[in-house]
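Scroll down for the structure; my scribbles are underneath it.
Residue numbers (the working numbering): 131 to 346.
Right, dumping it as C-alpha coordinates:
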(Lines of atoms letter the chains of each structure in order from A and count residues from 1; the text may use other names and numbers.)
(Lines give C-alpha, C1' and ligand atoms only; values in the text may rest on other atoms or scores of the structure.)
Protein backbone atom coordinates (compact mmCIF):
# COMPACT_ATOMS: atom_id res chain seq x y z
CA UNK A 1 0.00 0.00 0.00
CA UNK A 2 1.25 3.45 -0.92
CA UNK A 3 1.45 6.29 1.59
CA UNK A 4 1.71 9.83 0.22
CA UNK A 5 3.10 12.66 2.32
CA UNK A 6 3.07 16.29 1.25
CA UNK A 7 6.09 18.38 2.24
CA UNK A 8 5.70 22.08 1.32
CA UNK A 9 9.17 23.54 0.78
CA UNK A 10 10.88 26.88 0.12
CA UNK A 11 9.24 30.32 -0.06
CA UNK A 12 7.45 29.05 -3.19
CA UNK A 13 5.38 26.68 -1.00
CA UNK A 14 6.03 23.93 -3.52
CA UNK A 15 4.50 20.57 -2.66
CA UNK A 16 7.26 17.99 -2.65
CA UNK A 17 5.70 14.53 -2.31
CA UNK A 18 7.12 11.50 -0.56
CA UNK A 19 5.49 8.28 -1.77
CA UNK A 20 6.32 5.39 0.51
CA UNK A 21 5.79 1.67 0.38
CA UNK A 22 6.20 0.96 4.07
CA UNK A 23 6.24 -2.82 3.70
CA UNK A 24 9.03 -2.65 1.12
CA UNK A 25 10.84 0.10 3.03
CA UNK A 26 11.36 2.24 -0.06
CA UNK A 27 10.42 5.79 -0.98
CA UNK A 28 9.91 7.83 -4.12
CA UNK A 29 10.17 11.63 -4.24
CA UNK A 30 8.21 13.77 -6.66
CA UNK A 31 9.61 17.27 -7.33
CA UNK A 32 11.88 17.87 -4.33
CA UNK A 33 12.14 21.60 -4.96
CA UNK A 34 14.30 22.55 -1.99
CA UNK A 35 15.04 21.99 1.69
CA UNK A 36 16.55 18.55 0.99
CA UNK A 37 17.48 17.98 4.64
CA UNK A 38 13.86 18.38 5.71
CA UNK A 39 12.65 16.07 2.94
CA UNK A 40 15.16 13.38 3.86
CA UNK A 41 14.19 13.61 7.53
CA UNK A 42 10.60 12.93 6.49
CA UNK A 43 11.76 9.83 4.63
CA UNK A 44 13.74 8.70 7.66
CA UNK A 45 10.72 9.25 9.91
CA UNK A 46 8.62 7.16 7.52
CA UNK A 47 11.19 4.36 7.71
CA UNK A 48 11.97 4.30 4.00
CA UNK A 49 15.04 4.67 1.83
CA UNK A 50 14.67 7.07 -1.10
CA UNK A 51 15.31 5.05 -4.24
CA UNK A 52 13.95 7.30 -7.00
CA UNK A 53 13.22 10.95 -7.77
CA UNK A 54 10.69 11.82 -10.48
CA UNK A 55 10.22 15.27 -11.96
CA UNK A 56 6.95 16.57 -13.37
CA UNK A 57 8.98 19.46 -14.77
CA UNK A 58 12.19 21.32 -14.08
CA UNK A 59 11.35 24.84 -13.01
CA UNK A 60 13.72 25.88 -10.23
CA UNK A 61 11.09 25.55 -7.49
CA UNK A 62 10.61 21.88 -8.40
CA UNK A 63 14.24 20.80 -8.79
CA UNK A 64 16.24 22.98 -6.39
CA UNK A 65 16.82 20.15 -3.89
CA UNK A 66 17.43 17.33 -6.36
CA UNK A 67 21.24 17.44 -6.46
CA UNK A 68 21.72 17.15 -2.69
CA UNK A 69 19.14 14.38 -2.37
CA UNK A 70 20.84 12.34 -5.07
CA UNK A 71 24.24 12.90 -3.48
CA UNK A 72 22.89 11.67 -0.15
CA UNK A 73 20.81 8.73 -1.38
CA UNK A 74 22.12 7.66 -4.78
CA UNK A 75 18.51 7.77 -5.99
CA UNK A 76 17.69 7.30 -9.65
CA UNK A 77 16.41 10.46 -11.37
CA UNK A 78 13.64 10.47 -13.99
CA UNK A 79 12.54 13.47 -16.06
CA UNK A 80 11.82 14.82 -19.53
CA UNK A 81 14.70 15.58 -21.94
CA UNK A 82 13.23 18.90 -23.14
CA UNK A 83 13.95 20.56 -19.80
CA UNK A 84 17.70 20.07 -19.72
CA UNK A 85 18.47 23.81 -19.88
CA UNK A 86 16.21 24.50 -16.89
CA UNK A 87 18.00 21.89 -14.81
CA UNK A 88 21.39 23.18 -15.92
CA UNK A 89 20.71 26.83 -15.07
CA UNK A 90 18.75 26.81 -11.80
CA UNK A 91 21.16 29.15 -10.02
CA UNK A 92 21.46 31.45 -13.05
CA UNK A 93 17.67 31.69 -13.37
CA UNK A 94 17.40 32.60 -9.69
CA UNK A 95 19.86 35.43 -10.27
CA UNK A 96 18.07 36.51 -13.45
CA UNK A 97 14.81 37.02 -11.56
CA UNK A 98 16.46 38.56 -8.52
CA UNK A 99 15.68 35.56 -6.33
CA UNK A 100 18.00 34.36 -3.56
CA UNK A 101 19.77 31.25 -4.86
CA UNK A 102 20.70 29.94 -1.41
CA UNK A 103 19.28 26.45 -1.04
CA UNK A 104 18.77 25.96 -4.78
CA UNK A 105 21.22 23.98 -6.91
CA UNK A 106 21.48 23.12 -10.57
CA UNK A 107 19.95 19.68 -11.07
CA UNK A 108 21.76 16.76 -12.71
CA UNK A 109 20.44 15.12 -15.83
CA UNK A 110 18.05 12.18 -15.37
CA UNK A 111 19.28 8.62 -15.44
CA UNK A 112 16.17 7.82 -17.43
CA UNK A 113 14.20 10.11 -19.71
CA UNK A 114 10.44 9.90 -20.12
CA UNK A 115 8.38 11.58 -22.82
CA UNK A 116 4.87 10.31 -22.09
CA UNK A 117 3.28 6.94 -22.69
CA UNK A 118 5.64 5.00 -20.45
CA UNK A 119 4.63 2.98 -17.40
CA UNK A 120 6.98 3.39 -14.44
CA UNK A 121 7.04 0.68 -11.81
CA UNK A 122 7.78 1.53 -8.22
CA UNK A 123 7.59 -1.12 -5.49
CA UNK A 124 5.08 -3.21 -7.46
CA UNK A 125 2.92 -0.18 -8.27
CA UNK A 126 2.51 1.06 -11.85
CA UNK A 127 2.38 4.75 -12.71
CA UNK A 128 1.37 5.96 -16.15
CA UNK A 129 3.41 8.85 -17.56
CA UNK A 130 1.21 11.42 -19.33
CA UNK A 131 2.79 14.19 -21.43
CA UNK A 132 1.15 17.49 -20.41
CA UNK A 133 3.02 20.47 -21.91
CA UNK A 134 1.87 24.06 -21.67
CA UNK A 135 3.16 25.22 -18.30
CA UNK A 136 6.57 24.09 -19.48
CA UNK A 137 7.69 22.29 -22.66
CA UNK A 138 8.46 18.92 -21.08
CA UNK A 139 5.87 18.73 -18.33
CA UNK A 140 4.57 15.27 -17.46
CA UNK A 141 2.08 13.93 -14.91
CA UNK A 142 2.19 10.57 -13.13
CA UNK A 143 -1.09 8.65 -12.75
CA UNK A 144 -1.55 5.75 -10.34
CA UNK A 145 -4.89 4.12 -11.25
CA UNK A 146 -5.39 1.87 -8.20
CA UNK A 147 -4.97 4.82 -5.84
CA UNK A 148 -6.91 7.12 -8.18
CA UNK A 149 -4.18 9.74 -7.88
CA UNK A 150 -2.61 12.10 -10.41
CA UNK A 151 0.68 13.71 -9.46
CA UNK A 152 -0.06 16.78 -11.52
CA UNK A 153 2.80 19.20 -11.05
CA UNK A 154 1.79 22.68 -12.16
CA UNK A 155 -0.82 21.80 -14.78
CA UNK A 156 -3.98 22.16 -12.67
CA UNK A 157 -4.69 23.73 -9.29
CA UNK A 158 -7.74 24.17 -7.11
CA UNK A 159 -9.51 27.03 -8.86
CA UNK A 160 -6.65 27.80 -11.21
CA UNK A 161 -4.25 26.44 -13.82
CA UNK A 162 -0.50 26.62 -14.37
CA UNK A 163 0.98 29.93 -15.43
CA UNK A 164 2.11 30.18 -19.04
CA UNK A 165 4.03 33.45 -19.03
CA UNK A 166 7.39 31.80 -18.37
CA UNK A 167 9.75 30.78 -21.20
CA UNK A 168 8.34 27.74 -23.01
CA UNK A 169 4.82 28.24 -21.65
CA UNK A 170 1.77 28.28 -23.92
CA UNK A 171 -1.81 28.81 -22.76
CA UNK A 172 -3.58 26.93 -25.56
CA UNK A 173 -1.22 23.99 -25.22
CA UNK A 174 -1.89 23.85 -21.49
CA UNK A 175 -5.66 23.81 -22.04
CA UNK A 176 -5.24 20.94 -24.50
CA UNK A 177 -3.22 19.03 -21.91
CA UNK A 178 -5.93 19.57 -19.28
CA UNK A 179 -8.60 18.52 -21.78
CA UNK A 180 -6.64 15.32 -22.40
CA UNK A 181 -6.62 14.56 -18.69
CA UNK A 182 -10.34 15.25 -18.40
CA UNK A 183 -11.13 12.87 -21.25
CA UNK A 184 -8.70 10.15 -20.24
CA UNK A 185 -9.09 9.87 -16.47
CA UNK A 186 -12.07 9.38 -14.13
CA UNK A 187 -13.60 12.58 -12.77
CA UNK A 188 -13.00 11.37 -9.21
CA UNK A 189 -9.24 11.28 -9.81
CA UNK A 190 -7.50 13.15 -6.99
CA UNK A 191 -5.08 15.75 -8.31
CA UNK A 192 -2.01 16.34 -6.17
CA UNK A 193 -0.87 19.74 -7.42
CA UNK A 194 2.57 21.29 -7.22
CA UNK A 195 1.24 24.15 -5.08
CA UNK A 196 -1.80 24.55 -2.88
CA UNK A 197 -4.45 22.03 -1.79
CA UNK A 198 -5.40 18.81 -3.52
CA UNK A 199 -8.46 18.73 -5.74
CA UNK A 200 -10.22 16.41 -8.20
CA UNK A 201 -10.69 16.55 -11.94
CA UNK A 202 -14.45 16.65 -11.47
CA UNK A 203 -14.36 19.59 -9.06
CA UNK A 204 -12.19 21.61 -11.43
CA UNK A 205 -14.25 20.77 -14.50
CA UNK A 206 -17.36 22.08 -12.74
CA UNK A 207 -16.05 25.15 -10.93
CA UNK A 208 -12.59 26.19 -12.16
CA UNK A 209 -13.09 29.62 -13.77
CA UNK A 210 -10.33 28.90 -16.30
CA UNK A 211 -12.07 25.73 -17.48
CA UNK A 212 -15.83 26.28 -17.27
CA UNK A 213 -17.12 26.10 -20.83
CA UNK A 214 -13.67 25.33 -22.22
CA UNK A 215 -14.34 21.69 -23.08
CA UNK A 216 -17.06 19.89 -24.99
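Beta carbons are placed, not taken as given, at the ideal position from N, Cα and C, and that holds for glycine. These numbers come from a predicted model, not from an experiment.
Inset, instruction - Taking only runs that begin and end inside the region 166-216, name each unbroken alpha helix (DSSP H) of 4 or more residues, in chain order. - result: 166-176, 190-193 and 196-203
Inset, instruction - Look at residue 285 and residue 269 and say whether their C-beta atoms are less than 8 Å apart. - result: yes
Inset, instruction - Verify whether the separation of the beta carbon atoms of residue 171 and residue 205 is less than 8 Å. - result: no
Legend entry - C-alpha gap between residue 244 and residue 152, whole angstroms: 26 Å
Inset, instruction - Give a yes or no on whether the C-beta atoms belonging to residue 147 and residue 281 are separated by under 8 Å. - result: yes
Inset, instruction - Pick out whichever of 267, 324 and 317 has its Cα sitting closest to the Cα of residue 330. - result: 317
Inset, instruction - Kindly confirm or deny that the region 189-202 and the region 233-248 touch, where touching means at least three C-beta pairs closer than 8 Å. - result: yes
Inset, instruction - For the region 232-260, list the beta strand (DSSP E) runs that are entirely contained and at least 3 residues long, ordered along the chain. - result: 249-252
Inset, instruction - With DSSP as the reference, label residue 337 as helix, strand or coil. - result: helix
Inset, instruction - Please state if the CB of residue 157 and the CB of residue 175 are separated by a distance shorter than 8 Å. - result: no
Inset, instruction - Mind checking which residues open and close the alpha helix (DSSP H) that includes residue 223? - result: 220-226
Inset, instruction - With a 10 Å radius around its C-beta and 16 neighbouring C-beta atoms as the bar for buried, classify residue 201 as buried or exposed. - result: exposed
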